[in-house]
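Colleague:
Protein chains in written order, with my numbering: chain U, 1 to 225; chain H, 1001 to 1107.
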């Protein structure tokens, strides 16, 4: 993977490193929250490695801790993770074959997909995808285990405003796409739909309901290169 | 934790199902020749869901409002990102603004 730094350049690598740091910090709070909710350490540890999708893991922990059925919690988590289907469709061939394909599929997440799509050509898309994907594969479980070990010590993440980092990271990453006026309009409509449905839809579904906003692009003239 | 077996089954379901979702998108892409228009819509779909994720994680907590401090921090980050401020500045500003507002007594 030594070619990743040559392919990507320093600025993109720094952005990926900072994103992984943010993932690590969110992982800390995840591990601490899981332990504080009464789960043994292996639950956030195993989940963070095998599921590797933060929002669905938070949701699973939350539903089970509130007394929900773990299988129902898993189904809710799968709905949250349904967004990985269009991610897989939107990505070019970045994973390769054999074990690379398996590992590359597993490290598909919000951050690695956005970094890949933001790159101008296939070699750089591939390098960004793997750098960010592997970084998250290390930082998310690492943060979760450390957070679970520290336990109550990092309970007060809100005092440092760390909960604002996750939406800020995603927003900064999609900003290049939002400069397209039609994409921006659809994104804003989707955000409004998600917010309007949050009070009454089960967690995770508002983000899927936002997909209705893609219909705004249905009449867009085709000007794709 | 009430029933370890059920929790293990839940985690296994979530992990296997998530992997299947991640794999199926790629498998479909290899089999279907995607016209540029469909490709554009699918890429837009990912951006729309990510924007919805930004809105809901910035503004809501559970089924209710998250308070003012967090969305204010994310708003400042959004303005900075729009004006092409460095990524580092954007993310640190989000946390700093939110932390300072909470220090000032705003939730």
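Using N, Cα and C, we set each Cβ at its ideal position, and we do this for glycine too.
Just so it is clear, the structure is predicted and the values come from calculations on it, not from any experiment.
Buried or exposed for residue 1061 of chain H, please, with buried defined as at least 16 other CB atoms from any protein chain shown within 10 angstroms of its CB.
Modeller: Against the second chain, residue 1061 of chain H aligns to sequence position 61. By the 10 Å Cβ count, residue 1061 of chain H comes out exposed.
Colleague: So is residue 1075 of chain H in contact with chain U if we call contact Cβ pairs under 7 Å?
Modeller: By one-based count along the second chain, residue 1075 of chain H stands at place 75. No, residue 1075 of chain H lies away from the interface with chain U (no Cβ there is under 7 Å from its Cβ).
Colleague: Any beta carbon of chain H sitting closer than 7 Å to that of residue 219 of chain U?
Modeller: Taking the first residue of the first chain as 1, we reach residue 219 of chain U at position 219. Residue 219 of chain U does not count as touching chain H.
Colleague: Between U/39, U/13, U/198, which lies nearest to residue 1059 of chain H when the distance is taken from Cα to Cα?
Modeller: Reading the second chain from its first residue, position 59 is the one you call residue 1059 of chain H. Measuring from the Cα of residue 1059 of chain H, the nearest candidate turns out to be U/198.
Colleague: Taking the beta carbon of residue 56 of chain U as the centre, do at least 16 other beta carbons fall within 10 Å, making it buried, or is it exposed?
Modeller: Position 56 of the first chain, counted from the start, is the residue given in the question as residue 56 of chain U. So residue 56 of chain U counts as buried.
Colleague: Using a C-beta cutoff of 7 Å, does residue 166 of chain U count as contacting chain H?
Modeller: Position 166 of the first chain, counting from 1, holds the residue named residue 166 of chain U. By this cut-off, residue 166 of chain U is an interface position.
Colleague: Excluding sequence positions up to five away, which residues of its chain have a Cβ less than 6 Å from the Cβ of residue 129 of chain U?
Modeller: One-based indexing of the first chain puts residue 129 of chain U at position 129. Here the set comprises 94, 112, 116.
Colleague: Please confirm whether residue 1020 of chain H has its beta-carbon closer than 7 Å to some beta-carbon of chain U.
Modeller: Here residue 1020 of chain H refers to the residue found at position 20 of the second chain. With 7 Å as the cut-off, residue 1020 of chain H does not count as an interface residue toward chain U.
Colleague: For residue 225 of chain U and residue 1036 of chain H, what's the separation of their Cα atoms in angstroms?
Modeller: Against the first chain, residue 225 of chain U aligns to sequence position 225. Against the second chain, residue 1036 of chain H aligns to sequence position 36. A caution first: residue 225 of chain U carries a pLDDT of 42, below 50, which makes its placement in the model unreliable, though a value can still be read off. Using only the alpha carbons, I get a separation of about 8 Å.
Colleague: Distance, Cα to Cα, residue 1045 of chain H vs residue 148 of chain U?
Modeller: In the second chain, residue 1045 of chain H corresponds to position 45, counting from 1. In the first chain, residue 148 of chain U corresponds to position 148, counting from 1. Answer to the nearest angstrom: the Cα atoms are 35 Å apart.
Colleague: If you drop the 5 nearest sequence neighbours on each side, which residues of the same chain put their C-beta closer than 8 Å to that of residue 172 of chain U?
Modeller: Translated into the one-based positions of the first chain, residue 172 of chain U becomes position 172. Once the five neighbours on either side are set aside, residue 172 of chain U has no close Cβ partner at all.
Colleague: In whole angstroms, what separates the C-alpha of residue 170 of chain U from that of residue 218 of chain U?
Modeller: Residue mapping note: residue 170 of chain U aligns to position 170 of the first chain, counting from 1. Residue mapping note: residue 218 of chain U aligns to position 218 of the first chain, counting from 1. For residue 170 of chain U and residue 218 of chain U, the distance between alpha carbons rounds to 25 Å.
Colleague: Any beta carbon from chain U within less than 7 Å of residue 1070 of chain H's own beta carbon?
Modeller: For the purposes of this step, residue 1070 of chain H is identified with residue 70 of the second chain, where counting begins at 1. Judged by the 7 Å Cβ criterion, residue 1070 of chain H is in contact with chain U.
Colleague: Would the beta-carbon of residue 8 of chain U be found less than 6 Å away from any heavy atom of the ligand HEM?
Modeller: The ligand HEM is absent from the structure shown, which contains no ligands of any kind.
Colleague: I want to know whether the region 24-31 of chain U touches the region 137-148 of chain U - three or more CB-CB distances under 8 Å.
Modeller: Cβ pair count under 8 Å is three or more, so yes.
Colleague: Confirm, please, whether the CB-CB distance from residue 74 of chain U to residue 1025 of chain H is below 7 Å.
Modeller: Taking the first residue of the second chain as 1, we reach residue 1025 of chain H at position 25. Taking the first residue of the first chain as 1, we reach residue 74 of chain U at position 74. Not a contact, by the Cβ cut-off of 7 Å.
Colleague: Can you look up residue 19 of chain U in the DSSP assignment and give me helix, strand or coil?
Modeller: Here the question's residue 19 of chain U lines up with position 19 in the first chain. Residue 19 of chain U: helix per DSSP, three-state reduction.
Colleague: Give the interface partners of residue 129 of chain U over in chain H, defined as CB-CB distance under 9 Å, in chain order.
Modeller: Position 129 of the first chain, counted from the start, is the residue given in the question as residue 129 of chain U. Within 9 Å Cβ-Cβ: nothing; residue 129 of chain U doesn't reach chain H, min ~12 Å.
Colleague: Which chain U residues sit within Cβ distance under 7 Å of residue 1081 of chain H?
Modeller: Here residue 1081 of chain H refers to the residue found at position 81 when the second chain is read from its first residue. Ordered by position in chain U, the residues that pass the 7 Å Cβ test against residue 1081 of chain H are 171, 172, 175.
Colleague: Name, in chain order, the residues that DSSP records as bridge partners for residue 1061 of chain H.
Modeller: Along the second chain, read from residue 1 onward, the residue named residue 1061 of chain H stands at position 61. Paired residue(s): H/1064.
Colleague: Between H/1008, H/1064, H/1017, H/1095, which lies nearest to residue 168 of chain U when the distance is taken from Cα to Cα?
Modeller: Stepping through the first chain from its first residue, residue 168 of chain U is reached at position 168. Of the listed residues, the one whose Cα sits closest to residue 168 of chain U is H/1095.
Colleague: Say whether chain H places a C-beta atom closer than 7 Å to the C-beta of residue 210 of chain U.
Modeller: Start at 1 with the first residue of the first chain, and residue 210 of chain U comes out as number 210. Closer than 7 Å: yes.
Colleague: Taking the Cβ atom as the reference point for each residue, do residue 136 of chain U and residue 109 of chain U lie within a distance shorter than 7 Å?
Modeller: Taking the first residue of the first chain as position 1, residue 136 of chain U is located at position 136. Taking the first residue of the first chain as position 1, residue 109 of chain U is located at position 109. Cβ atoms of residue 136 of chain U and residue 109 of chain U: closer than 7 Å.
Colleague: When the Cα atoms are used, what is the spatial distance from residue 1022 of chain H to residue 151 of chain U?
Modeller: Translated into positions along the second chain, residue 1022 of chain H becomes position 22. Translated into positions along the first chain, residue 151 of chain U becomes position 151. Near 31 Å, if we compare the C-alpha coordinates of residue 151 of chain U and residue 1022 of chain H.
Colleague: According to DSSP, is residue 108 of chain U helix, strand or coil?
Modeller: Locating residue 108 of chain U in the first chain gives position 108, counting from the first residue. Residue 108 of chain U: coil per DSSP, three-state reduction.
Colleague: Cα-Cα, which of U/72, U/17, U/64 is closest to residue 39 of chain U?
Modeller: Here the question's residue 39 of chain U lines up with position 39 in the first chain. Selected option, being the one with the closest Cα: U/64.
Colleague: Thinking C-alpha only, which one of U/216, U/193, U/215, U/220 is nearest residue 1053 of chain H?
Modeller: Indexing the second chain from 1 puts residue 1053 of chain H at position 53. Considering only alpha carbons, the answer is U/193.
Colleague: May I ask you to report which of helix, strand or coil DSSP gives residue 39 of chain U?
Modeller: Along the first chain, one-based indexing puts residue 39 of chain U at 39. It is coil, neither helix nor strand.
Colleague: Leaving out five residues on either side along the sequence, give the residues of the same chain with a beta carbon under 6 Å from the beta carbon of residue 132 of chain U.
Modeller: Within the first chain, numbered from 1, the residue matching residue 132 of chain U stands at position 132. Correct list, in chain order: 16, 111, 112, 115.
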